[in-house]
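*Asks:*
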Amino acid sequence: MRYGLLVEGAPYSSQASHSALRFASALVARGHRVESVFFYHDGVYNASRLAAPPQDEPHLYDAWRSLSAEHGTQLQVCIAAALRRGLLDAREADRHGKTGHSVESPFELTGLGQLIDLGREVDRLVTFAP
Amino acid sequence: MILHILNRPPSSSLAYRDALAAMDATDRLLLIEDGVLGALTAQIRHFQAIEGRLFALREDLSARGLEGQCDASVQVIDVDGFVTLTEEADKTVSWF
Numbered sequence: 108m109r110y111g112l113l114v115e116g117a118p119y120s121s122q123a124s125h126s127a128l129r130f131a132s133a134l135v136a137r138g139h140r141v142e143s144v145f146f147y148h149d150g151v152y153n154a155s156r157l158a159a160p161p162q163d164e165p166h167l168y169d170a171w172r173s174l175s176a177e178h179g180t181q182l183q184v185c186i187a188a189a190l191r192r193g194l195l196d197a198r199e200a201d202r203h204g205k206t207g208h209s210v211e212s213p214f215e216l217t218g219l220g221q222l223i224d225l226g227r228e229v230d231r232l233v234t235f236a237p
Numbered sequence: 005m006i007l008h009i010l011n012r013p014p015s016s017s018l019a020y021r022d023a024l025a026a027m028d029a030t031d032r033l034l035l036i037e038d039g040v041l042g043a044l045t046a047q048i049r050h051f052q053a054i055e056g057r058l059f060a061l062r063e064d065l066s067a068r069g070l071e072g073q074c075d076a077s078v079q080v081i082d083v084d085g086f087v088t089l090t091e092e093a094d095k096t097v098s099w100f
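Heads up: the sequence lines are chains Z and A, in that order.
Reading the first sequence from the start, the letters are residues 108 to 237 in my numbering.
Reading the second sequence from the start, the letters are residues 5 to 100 in my numbering.
1) Which of the three DSSP states, helix, strand or coil, is assigned to residue 210 of chain Z?
2) Residues in its own chain within less than 8 Å of residue 22 of chain A by CB, not counting five upstream and five downstream?
3) Whose Cβ in chain Z lies nearer than 8 Å to the Cβ of residue 71 of chain A?
4) Is it the case that the Cβ atoms of residue 154 of chain Z and residue 194 of chain Z are separated by a distance below 8 Å?
5) So is residue 146 of chain Z in contact with chain A if we call contact Cβ pairs under 8 Å?
6) Using three-state DSSP, classify residue 68 of chain Z as helix, strand or coil.
7) In angstroms with no decimal places, state the Cα-to-Cα distance between residue 77 of chain A and residue 236 of chain Z.
8) Just tell me which of A:30, A:67, A:91 and A:14 has its CA closest to the CA of residue 133 of chain Z.
9) 8 Å is my cut-off, CB to CB: does residue 154 of chain Z come that close to chain A?
10) DSSP on residue 9 of chain A, reduced to helix/strand/coil?
11) Using a C-beta cutoff of 8 Å, does residue 59 of chain A count as contacting chain Z?
12) Determine, using beta carbons only, whether residue 108 of chain Z and residue 227 of chain Z come nearer to each other than 8 Å.
13) Residue 18 of chain A: buried (16+ other C-beta within 10 angstroms of its C-beta) or exposed?
14) With a cut-off of 8 Å, do at least 3 Cβ pairs link the segment 185-204 of chain Z to the segment 39-57 of chain A?
15) Would you mind sorting residue 30 of chain A into buried or exposed? The rule is 16 or more other CB atoms within 10 Å of its CB.
16) Residues of chain A with CB closer than 8 Å to the CB of residue 133 of chain Z, please, in chain order.
17) Using the C-alpha atoms, what's the distance from residue 180 of chain Z back to residue 234 of chain Z?
18) Name the chain Z residues that come within less than 7 Å of residue 37 of chain A, Cβ to Cβ?
19) Taking the alpha-carbon positions, what's the residue 66 of chain A to residue 73 of chain A distance?
20) Closer than 7 Å by beta-carbon distance: list the chain A residues that pair up with residue 234 of chain Z, in chain order.
Right under this line is the structure:
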């Protein structure tokens, strides 16, 4: 089956990211396809490329990247939720006159319409909230 | 059949009431994260209406030192069982 995940919890604040990653691992192990993870509300903080957690703790950012690299999962970030929280890719940083950027591939800033499309395209959409 | 997913315990949130009110006679409820506290015998009365259709995630029970302390009426499943529940449901709804 084709799955989509919606993550609304910030990393290291709630269990949402951990629950979603664990569920994603179980899905791919079962042979399902995780088409996309959509990050919304405080969940957009998962997309910060500058995350530097202690080495003896789970590195959630790297875990998302691995999921994308190994299974082709898209990592979509709500652009409206991201910009107001200081999460900008290089293009948005340039557009807003900011030095440096905090979001890069495989994460991509997209609109909320992409979430609607995802919900229509996949067989199951599962939400992980704080 | 809809799989409802609840991550809040009855002791700190009334989200369970919304979940129960939205469930029909065949829907299932899965307790995850802090929601697994609702599976303890002391809390189980809140879920009497859906006996036989209540599940709790083993990994989240274990992380809280509560594995083996669930009420006997609760079906304890691991994350693979979580996947199975989503396969069997037409869709999922998360309550938080």
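By construction, the Cβ of each residue, glycine as well, lies at the ideal position given by its N, Cα and C atoms.
These figures come from a predicted structure and were not determined experimentally.
*Replies:* The relevant details are as follows:
1) Looking at residue 210 of chain Z - three-state DSSP - the assignment turns out to be coil, as it is neither helix nor strand.
2) In chain order, 99 place their CB closer than 8 Å to the CB of residue 22 of chain A, counting only its own chain and leaving out the 5 sequence neighbours on each side.
3) In chain order: nothing, as chain Z lies at least about 16 Å away.
4) Contact: yes.
5) With 8 Å as the cut-off, residue 146 of chain Z does not count as an interface residue toward chain A.
6) As shown, chain Z starts at 108 and ends at 237. That puts residue 68 of chain Z outside it, with no answer to give.
7) For the pair residue 77 of chain A and residue 236 of chain Z, the Cα-to-Cα distance works out to about 26 Å.
8) When A:30, A:67, A:91 and A:14 are compared, the shortest CA-CA separation from residue 133 of chain Z is found for A:91.
9) Not one chain A Cβ lies under 8 Å of residue 154 of chain Z.
10) Residue 9 of chain A falls in the strand class under three-state DSSP.
11) It does not; no Cβ of chain Z falls within 8 Å.
12) Cβ distance not < 8 Å, so residue 108 of chain Z and residue 227 of chain Z don't count as in contact.
13) Its Cβ having fewer than 16 others within 10 Å, residue 18 of chain A is exposed.
14) As far as the Cβ criterion goes, the segment 185-204 of chain Z does not touch the segment 39-57 of chain A, which means the pair count is below three.
15) Under this definition residue 30 of chain A is an exposed residue.
16) The contacting residues are 83, 84, 86 and 87.
17) Straight-line measurement puts the Cα of residue 180 of chain Z at about 16 Å from the Cα of residue 234 of chain Z.
18) The contacting residues are 122 and 126.
19) Rounded to the nearest angstrom, the two C-alpha atoms are 10 Å apart.
20) What residue 234 of chain Z touches in chain A: 98.
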